[in-house]
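Below is one structure, written out as structure tokens, with a few remarks after it.
As structure tokens, then:
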């Protein structure tokens, strides 16, 4: 019952965020300097024909008062109509849909790889000998401080052009996924590993851990059965970071490795001032954020049941 | 044969020696108490017995044996068989010694899984038996709950159940009653006594001589890493041989110490009779989120008088103090200071009531030095700039510190010094009343003695009145003139301390008084 | 050992600031001088870090790019800190309505990856160094607003603030003397670490061709060109990126040391 109410509130908050995102896109469309119709088709450089401008004015109702436009804008978004890309001559939803699979594949692979790496390193190195900890901390700092695009260039230099192990470009087959996923996963693993290790070291000092050791538990049992669960909570609260790092990283990685995907679609849309596509991606990312957050909140409840009462 | 034999144990952390040559034995079925103040090395000694001395510790011993087995040569695997299996360990503060994310039953089951061959269902049945025999009502329900769903007393019982689960020969209890209310303390001590009667040896670590008096067969008093005195409990308590033991015993506030000094043998000067009424609270009450925190509380406080408020956690004593301080406005009733009702904006009145908290460090801005802390208080009191430094030094001298402390940061002071600075700050605006919210609860007994003596000296000198909140009945009995006993937001009894404590009228007061640990009980 | 790392990081930061102020101290080459006879040469005595596709000295371009790159990092954090800080203070000190409005807005802001928000700003306002600073700064406002609000609230509830009220200090005085200084300090320290992240984000925009435009030297935009020559000129792709990573590491190490010190622990 409490869990249900909690989910209810979270859903409501999520809808609030989505509404905010929709409003933001509306504001962007209407407060960008210049004639809105022109802005929608790609700015001054696009040199649209009068017919296209007339079509846009009709589609977006640009001749009606702002509140009617706003209502219509929200209505279109609710029904899944994110507008049309006049550069690609396709509806935005279709343009995004065609690219989604490649990005999801990349992001999920990287997320899993990053998490596994972070947990493994943290579990093995927390509270060990000084040099082990120092080494782990140094490695984390290095990968977390490395920009994705440079990491990618280094990976390409070594593994594609040097050792010729993996292809440099493309989005087909497992081999083409290895380098981009690694490139996306490593910095995330660095940040998560750092947070996780600090949390673990703190937990391993807690009296209940000493208590568990005093019951005769082995070090591994103490780490896995007691400490890990506590150390996971700070990771869970970093949802915003996760989603941001994956989406932002995908933009860079896809560009660098010339892979298909939403990230590359976005970069070319920004370059071409293709506003409907940019705003479509914004709405999509808000949706993803809300959904991921919901799942994570439930995970959070599973990890720390004490929160059920707070909820 | 002795179960534990420790000879010339030395422990150092880095370059700091913490235990400097400790020797003792515990016989089968015997209870030894290690007593000392913080930093005496008592907990480190206890932890060394299970090989959990801590990170960076260097342990040396002439001999360290358990049931004839040499512990100095033990490897990790051997330690694990001992821990929980043959030596049960109850840690200080049950709130943090149980994994907050795991069910209580699972924690106890863990011991059985590690040290017995019992299959799952049998283990769970045994967990329920253990909880029941540790005095946990409804063990079926409790085993499935998380630690925070249990009261402090029940958590401590669950920890004890886990410690005895694998039928160990020795149980070590580190400050087993410290965070508990006094009535619960008594019950936990009874439970430990029961464990001793089952024939197990018991090592109890405590800072409180009175607590161990009713449990221990022998007492070892530790100070700065050495045992200064060791002997049968009754002998150590009645005829202490070492100065430090005598000092500790004298420092314990109780009924018979009233009107005497705790920190030294100097005679206490007489106190003047209470003067006019400075605070009058009439029927005050308030509630948080629909739950009444305080209801219908009335009291008066006179100049030069100390009024104690006692009660267990959640009784509403701190809320009452905050209302008296004017920090929480009451929903009902009135508070008058010098005959005028509290108004939020009257600063002159504001200065008349000051406060001293349990944790003085948290009550100082972390960026401030002692000089700045006092200067701020003096500024508010309207002391002109050129006289502030001189006045600050006077205040520090009044609380037993000096000008050399002005430039220090509170973080670099000891707990007792911090509390002295807090008292100096409270005195700066020249108040008629100081609200003291558990001001000595976090202090060692000898420091507590100094602070309590200081509070009496200050009162004699300035005529200030104290509203003194405490859970420690001994402290209240020693210091206060009158007392309010609170339970569930109500005052259940009030009157002069002697009357309330010696002839308690209300059943709850009787229960409280009966639970006070007394040295004489040994 | 740890001290050594801190001193090294501080030394690197000093050198970076020097390079930003007086790049001529570190290199004699002109970062814009094209030499068609010297394209894509590997490191040599003449060109310590080699040359790029136009024969320009890579070291000179890195040194002269320091100013822009640091400006991106510090400028963006300054924007985020000033606006986020003011909003956070307003939320932490203001009434419930103000607090709720600001916090719900920042909830919405936090729903978007910072890079995505920055891209929206760029789409609307166009590229360039100034717009990149603005874009990344704006994207960082919600998280700083949250941080400052959380700090302010926890200090408002602290017992030293209560003690100040008990002494009779007026509310504005308590805010000015105790709440503000104590709230600002940890946020400033966290912002130090944030400079690294902002610098990476800024050079990412340049890498995507949306930040500092060529031929002006900037680390991210150098890498953007360098990726076309990975197979032929490893040095071109290696050194500008190493400059970014080294800067971020140094900033992070110094920031963490400041944080430890402010928490009363020794770094």
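Protein chains in written order, with this note's numbering: chain D, 1 to 311; chain S, 1001 to 1522; chain U, 2001 to 2267. C-beta atoms are modelled at their ideal positions from N, C-alpha and C, and glycine is treated no differently. For clarity, every value in this text was computed on a predicted model and none was experimentally measured.
So, is residue i buried or exposed, given that buried needs 16 or more other C-beta atoms within 10 angstroms?
i, result
"residue 171 (chain D)", "buried"
"residue 2235 (chain U)", "buried"
"residue 254 (chain D)", "buried"
"residue 1064 (chain S)", "buried"
"residue 145 (chain D)", "buried"
"residue 1066 (chain S)", "buried"
"residue 274 (chain D)", "buried"
"residue 1453 (chain S)", "buried"
"residue 1430 (chain S)", "exposed"
"residue 302 (chain D)", "exposed"
"residue 89 (chain D)", "exposed"
"residue 1073 (chain S)", "exposed"
Using the beta-carbon of each residue, which ones in chain S are nearer than 7 Å to residue i?
i, result
"residue 134 (chain D)", "What residue 134 (chain D) touches in chain S: nothing, since even the nearest Cβ is about 16 Å away."
"residue 229 (chain D)", "1101"
"residue 355 (chain D)", "No statement about residue 355 (chain D) is possible, as the shown extent of chain D runs from 1 to 311 and does not include it."
For residue i and residue j, I'd like the C-alpha separation in whole angstroms.
i, j, result
"residue 1516 (chain S)", "residue 1182 (chain S)", "7 Å"
"residue 2251 (chain U)", "residue 1150 (chain S)", "46 Å"
"residue 1209 (chain S)", "residue 1105 (chain S)", "33 Å"
"residue 1369 (chain S)", "residue 1412 (chain S)", "10 Å"
"residue 2156 (chain U)", "residue 1347 (chain S)", "20 Å"
"residue 236 (chain D)", "residue 300 (chain D)", "7 Å"
"residue 1184 (chain S)", "residue 1487 (chain S)", "15 Å"
"residue 2177 (chain U)", "residue 2166 (chain U)", "15 Å"
"residue 1029 (chain S)", "residue 1198 (chain S)", "8 Å"
"residue 87 (chain D)", "residue 287 (chain D)", "24 Å"
"residue 1375 (chain S)", "residue 1217 (chain S)", "53 Å"
"residue 292 (chain D)", "residue 40 (chain D)", "30 Å"
"residue 1349 (chain S)", "residue 30 (chain D)", "58 Å"
"residue 220 (chain D)", "residue 1120 (chain S)", "21 Å"
"residue 2221 (chain U)", "residue 2049 (chain U)", "17 Å"
"residue 20 (chain D)", "residue 2225 (chain U)", "38 Å"
"residue 2141 (chain U)", "residue 2080 (chain U)", "4 Å"
Determine the chain S residues that contact residue i at a beta-carbon separation under 8 Å, and present them in chain order.
i, result
"residue 2169 (chain U)", "1376, 1380"
"residue 2159 (chain U)", "1357, 1359, 1362, 1363"
"residue 306 (chain D)", "1100, 1101, 1146, 1148"
My assumption, with CB atoms under 8 Å, is that residue i sits in contact with residue j. Please give the rounded CB distance.
i, j, result
"residue 1014 (chain S)", "residue 1056 (chain S)", "6 Å"
"residue 2123 (chain U)", "residue 270 (chain D)", "5 Å"
"residue 1485 (chain S)", "residue 1506 (chain S)", "7 Å"
"residue 1046 (chain S)", "residue 1006 (chain S)", "The Cβ separation is near 10 Å, so there is no contact."
"residue 1525 (chain S)", "residue 1401 (chain S)", "Any answer about residue 1525 (chain S) is impossible in this case: the structure gives chain S only from 1001 up to 1522."
"residue 1124 (chain S)", "residue 1131 (chain S)", "The pair is not a contact, with the Cβ atoms about 11 Å apart (cut-off 8 Å)."
In chain D, which residues lie less than 7 Å from residue i when you measure between Cβ atoms?
i, result
"residue 1089 (chain S)", "214"
"residue 2227 (chain U)", "153, 256"
Taking C-beta pairs closer than 8 Å, name the residues in chain D that residue i reaches, listed in chain order.
i, result
"residue 1085 (chain S)", "216"
Name the chain S residues whose beta carbon is nearer than 9 Å to that of residue i?
i, result
"residue 129 (chain D)", "Here the premise fails: no neighbours, minimum Cβ distance about 11 Å."
"residue 2204 (chain U)", "None at all; the shortest Cβ gap to chain S is about 38 Å."
"residue 2029 (chain U)", "Under the 9 Å cutoff, chain S gives no residues; its nearest Cβ is about 48 Å from residue 2029 (chain U)."
Would the C-beta of residue i count as close to the ligand ADP, meaning under 7 Å from any of its heavy atoms?
i, result
"residue 1089 (chain S)", "Questions concerning the ligand ADP fall outside what the structure shown contains, since it holds no ligand whatsoever."
What does residue i touch in chain U if you count any residue whose Cβ is under 8 Å from its own?
i, result
"residue 285 (chain D)", "2111, 2112, 2113, 2116"
"residue 237 (chain D)", "Going along chain U, no residue has its Cβ under 8 Å from residue 237 (chain D), so there is no contact; the nearest lies around 12 Å."
Anything in chain U within Cβ reach of residue i, meaning under 7 Å, just list it in chain order.
i, result
"residue 1325 (chain S)", "2166"
| field | Any 3 or more C-beta pairs closer than 8 Å across the segment 1190-1205 of chain S and the segment 1028-1046 of chain S | value | As far as the Cβ criterion goes, the segment 1190-1205 of chain S touches the segment 1028-1046 of chain S, which means the pair count is three or higher.
| query | At a cut of 8 Å, does the segment 3-18 of chain D reach the segment 36-51 of chain D through at least three beta carbon pairs? | reply | no
| Is the segment 186-205 of chain D in contact with the segment 230-239 of chain D, if contact means three or more CB pairs nearer than 8 Å? | Of all C-beta pairs linking the segment 186-205 of chain D to the segment 230-239 of chain D, three or more are shorter than 8 Å, placing the two stretches in contact.
| query | Does the segment 2127-2137 of chain U touch the segment 2200-2219 of chain U, meaning 3 or more C-beta pairs lie closer than 8 Å? | reply | Yes: the two stretches touch, three or more of their Cβ pairs being nearer than 8 Å.
| query | Within the chosen definition, does the segment 2107-2118 of chain U reach the segment 2049-2067 of chain U through at least 3 CB pairs nearer than 8 Å? | reply | no
| said: Does the segment 113-129 of chain D come into contact with the segment 179-191 of chain D, if we say contact requires no fewer than three beta-carbon pairs (one atom in each stretch) closer than 8 Å? | reply: yes
| message | Does the segment 1388-1407 of chain S come into contact with the segment 2180-2187 of chain U, if we say contact requires no fewer than three beta-carbon pairs (one atom in each stretch) closer than 8 Å? | response | Result no; under three Cβ-Cβ pairs closer than 8 Å.
| query | At a cut of 8 Å, does the segment 2058-2069 of chain U reach the segment 2019-2031 of chain U through at least three beta carbon pairs? | reply | yes
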